[in-house]
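Chains as they are written, first to last, in the working numbering: chain A, 1 to 263; chain B, 1001 to 1263.
C-beta atoms are modelled at their ideal positions from N, C-alpha and C, and glycine is treated no differently.
For clarity, every value in this text was computed on a predicted model and none was experimentally measured.
In what follows, a structure is listed as structure tokens, so that the remarks can point back to it.
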Amino acid sequence: MGSAPRTPSWLHPVALSGGSVVLLVGLWEWASGTGWLREAFFPRPSSVSAQFHAMVRDGTLTGHLEATLSRVGWAFLVAALPGVAVGLMMGVWRAAREALDPLFAFVYPIPSVLFLPLAAFVLGRGEAARVLTSAVTSFFLVAANTMAGVRQLDRGILEAAVHYGATGSRLFFKVLLPGALPWIFTGLRLGLGFALIVVVAVEMVGAEQGLGSLLWLSWQTLKVRDMYVTLLVIGFLGLVATYGLEWLRQRLLPWQPKVEVRR
Amino acid sequence: MTGAVSQVLRAVRTDARSLLAAGVLVGAWELLPRQGVLNPAYFPPASRVAAVLAEGLSAGELGPHVAATVARLVVAFLLAALPGLLVGVATGLSETVRRVLDPYVALLYPIPKVALLPLMLILFGVGERAFVLTGALTAFFQIAVNTMDGLRQVDPTLVEVGRNYGASGFRLFWKVVLPAALPGILTGLRLGLGLTLVTVVAVEFAIAKSGLGHVVWSSWQTLTTPRMYAAFVAVGLLGLVLTRGLKRLQDRLLAWQTSVDVW
């Protein structure tokens, strides 16, 4: 933006970000060491890092991490495949769009974790119910973005394709799908992020394994350092989910600008 | 003239289709349990849920829970709005501030805010402060990030024009930059409110002793399913108002903006 004051040239942007982190972590270490911050609540970063290494070595962290990752992976699959299919259908077929609209409008804003009892009624209290619960909101995100992607396609391009004789599956695979891909990617990125949110929430309320249950346990046993370690790992997963797919999109669709959907 | 008529006819037809689809869904929800296709102990018919919801709201059993959820939502949102806007404006205007805060936003923004609940419980004990703050963190990041994006996406040409006409400093910000960034800012406020509902209900589901999320949880544990679905529907209606209602309000306030609609 033109009015933004420029960063002085001697302050390299990376130095600014890095310096800010080093300063904060150092301050925290000092304040918590001298008792300014209560160690019971804000343990020193060095002791959190030691705890991280200990938890990696004895395998607790990896076990929970595996459980969470597998749930997120399954939930994402269960959400993404039908989500893209339903979204494409709603995009090209108006009757389907109008028929499903009230269901989408009503169910989408319901916090996913509430679907746990429902899923447990259908599938029993087990892994399948947890995965299905975590997939609900992601499904809607993927479907809605896919639909929007089909609908925003330039009519001129569609008409040109039809004039040049593209119909049926050819029209679909050569024109509709590539045109909607950036939006589908946005849906997948949001869907993956949301799957992680719900998996952690579901693990907090009802699972023996997983980062969410580790978090809950560390609260109940007041192991604050375990909690910070778990939070950092979850934050890292969120980072990977958000920026990893965006990186993938740039590699796969370099000609397309990033589309931001604002709901 | 004929254009207007056909437009009205089309709108009527769209509403009719959506209504029909909603009717079919509710009808199925009524008939399948009655015919024994779905077990009514787990899936009570729609009329029964509606009766329990109406009775719960009028007899005052569900009312306080609705009030508790709404109160937490409003307090959390109000706590987050001003700091979120301030941080968003600061990071949107100043490259330096953005660089300094960027690492924390990048790490904390993708963290599921429900995961911060145990930390809040340790810091503040089990109680309203921890519940509301977890919700407020959700809103804060959403508002700050969207405000920053909104400001950074302002067309530099607009700022140049404003400058050339003699605007500078606060006047430039107030009369040119802020109105141009308003859509992003309002979107952040709207999304923040919607996501805070998700967090608040999840927190209630996990630990609070009141609120709609708690009603779903406790009715699940005692298998009073009609009450569970009544709370479920109440959350859905609340979400519907927050997502669709606020979207309409935003479109009306910013009538000069064309928005890409996902829903």
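Along the chain, where does the alpha helix (DSSP H) that runs through Val1097(B) open and close? Where Val1097(B) is concerned, the enclosing alpha helix (DSSP H) stretches over Glu1095 to Leu1108.
How about Leu1031(B): is its C-beta nearer than 8 Å to some C-beta of chain A? No, Leu1031(B) lies away from the interface with chain A (no Cβ there is under 8 Å from its Cβ).
Simplified DSSP state of Trp93(A), which is helix, strand or coil: In the structure shown, Trp93(A) sits in coil (DSSP, three-state: anything other than H, G, I, E or B).
For Leu188(A), which residues in the same chain have their Cβ closer than 7 Å to its Cβ, ignoring the five residues on either side in sequence? Taken in chain order, the residues that qualify are Ala80, Val142 and Leu245.
Rounded distance between the beta-carbons of Leu1093(B) and Val1233(B), thought under 8 Å: Contact between Val1233(B) and Leu1093(B) does not hold, since their C-beta atoms are separated by about 44 Å, which reaches or exceeds 8 Å.
Where does Trp30(A) land, buried or exposed, given buried means 16+ other C-beta within 10 angstroms? Here Trp30(A) is exposed, its C-beta having fewer than 16 other C-beta atoms within 10 Å.
Counting contacts by CB-CB distance shorter than 8 Å, is Val1262(B) in contact with chain A? The predicted model places Val1262(B) with a pLDDT of 47, which falls under 50 and marks its position as unreliable, so this point remains unresolved.
Using a beta-carbon distance cut-off of less than 7 Å, what residues from the region 1214-1229 of chain B approach chain A? Here the close residues are Val1216, Trp1220 and Met1228.
Spatial distance of Ala120(A) from Leu1073(B) (CA atoms): Within the model, the alpha-carbon separation for Ala120(A) versus Leu1073(B) is close to 28 Å.
Just to confirm my understanding: we take Arg263(A), look at its own chain, exclude 5 residues before and 5 after, and list those with CB closer than 7 Å. What are they? Its pLDDT being 35, under 50, Arg263(A) is placed unreliably by the model, and the measurement read from it follows with that caveat. Answer for Arg263(A): no residue qualifies.
8 Å Cβ cutoff, Thr60(A) in contact with chain B: Answer no: the Cβ-Cβ gap between Thr60(A) and chain B never drops below 8 Å.
Nonlocal neighbours in the same chain, by C-beta distance under 7 Å from Ala166(A), ignoring five residues either side: Cβ-Cβ distances below 7 Å link Ala166(A) to Lys174 and Val175 in the same chain, with the five nearest sequence neighbours on each side left out; the list follows chain order.
8 Å Cβ cutoff met for Gly1135(B) and Thr1069(B): Against a cut-off of 8 Å, the Cβ pair of Thr1069(B) and Gly1135(B) comes out as no contact.
Asp1261(B) to Ala241(A), Cα distance in whole Å? Because the pLDDT at Asp1261(B) is just 46, under 50, the model does not fix this residue reliably, and the value given afterwards should be weighed accordingly. Between Asp1261(B) and Ala241(A), the C-alpha separation is close to 25 Å.
Continuous alpha helix (DSSP H) stretch holding Lys1247(B): start and end: Per DSSP, the unbroken alpha helix (DSSP H) holding Lys1247(B) starts and ends at Leu1246 to Leu1253.
Is Ile197(A) close to chain B? Criterion is C-beta to C-beta, closer than 8 Å. Under the 8 Å criterion on CB atoms, Ile197(A) is classed as interfacial with respect to chain B.
So, at 8 Å on beta carbons, what are the nonlocal neighbours of Pro1033(B) in its own chain, with the 5 sequence-adjacent residues on each side left out? Taken in chain order, the residues that qualify are Asn1039, Pro1040, Phe1043, Pro1044 and Pro1045.
For Arg1227(B), the three-state DSSP class (helix, strand or coil): DSSP, read as helix, strand or coil, puts Arg1227(B) in helix.
Do you know how far the Cα of Trp183(A) is from the Cα of Leu248(A)? Distance between the alpha carbons of Leu248(A) and Trp183(A) is about 14 Å.
Given Val25(A), which residues of its chain have a CB within under 7 Å of its CB, disregarding the five upstream and five downstream residues? So the qualifying residues of the chain are Pro45.
Please compile the residues from chain A whose C-beta is within a distance smaller than 8 Å of the C-beta of Ile1111(B). Scanning chain A for C-beta atoms nearer than 8 Å to the C-beta of Ile1111(B) yields Leu231, Ile234, Gly235 and Gly238, reported in chain order.
From this set, Thr60(A), Phe41(A) and Leu132(A), which residue's C-alpha is nearest Phe1124(B)'s C-alpha? With respect to the C-alpha of Phe1124(B), the residue from Thr60(A), Phe41(A) and Leu132(A) having the closest C-alpha is Phe41(A).
Please confirm whether Phe1205(B) and Gly1213(B) have their CB atoms less than 8 Å apart. Cβ atoms of Phe1205(B) and Gly1213(B): closer than 8 Å.
If I measure Cβ to Cβ from Trp219(A) and keep anything under 8 Å in the same chain, skipping five residues before and after, which residues do I get? So the list reads Met227, once near-sequence residues are dropped.
Once the 5 residues before and after Thr60(A) are set aside, which same chain residues still bring their CB inside 8 Å of it? Correct list, in chain order: Leu214.
With Phe1140(B) and Gly1084(B) assumed to form a contact (beta carbons below 8 Å), what rounded beta-carbon distance in angstroms separates them? Contact holds; Cβ gap of about 5 Å.
Counting only the same chain and skipping the five closest in sequence on each side, list residues whose C-beta sits under 7 Å from that of Phe106(A). No residues qualify anywhere along the chain.
Are the Cβ atoms of Ala1080(B) and Ile1143(B) separated by less than 8 Å? Contact: yes.
Report yes or no: is there a C-beta of chain B within less than 8 Å of the C-beta of Arg262(A)? Confidence at Arg262(A) is low in this model, with a pLDDT of 39, below 50, so the placement of that residue should be treated as unreliable; the coordinate-derived value is given next. Arg262(A) counts as touching chain B.
Assuming contact is defined by CB atoms lying nearer than 8 Å, are Ala1230(B) and Val1066(B) in contact in what I supplied? Judged by their CB atoms, Ala1230(B) and Val1066(B) are not nearer to each other than the 8 Å cut-off.
Quick check: is the beta carbon of Pro111(A) nearer than 8 Å to any beta carbon in chain B? In terms of beta-carbon proximity, Pro111(A) lines the interface with chain B, with at least one pair separated by less than 8 Å.
Could you give the distance in angstroms between the alpha-carbon of Asn264(A) and the alpha-carbon of Leu190(A)? Missing from the structure shown is residue 264(A); chain A here goes from 1 to 263 and no further.
Would you kindly work out how many angstroms separate the C-alpha atoms of Leu77(A) and Glu66(A), rounded to a whole number? If you take the alpha carbons of Leu77(A) and Glu66(A), they lie about 16 Å apart.
Are the CB atoms of Phe140(A) and Phe104(A) nearer to each other than 8 Å? Taking the C-beta atoms as reference points, Phe104(A) is found nearer than 8 Å to Phe140(A).
Under 9 Å Cβ-Cβ, which residues of chain B neighbour Leu192(A)? Within chain B, no residue comes near Leu192(A); the closest Cβ sits about 10 Å away, beyond 9 Å.
Out of Gln250(A), Leu239(A), Ala207(A) and Leu231(A), state which residue places its alpha-carbon closest to the alpha-carbon of Ser49(A). Measuring from the Cα of Ser49(A), the nearest candidate turns out to be Leu231(A).
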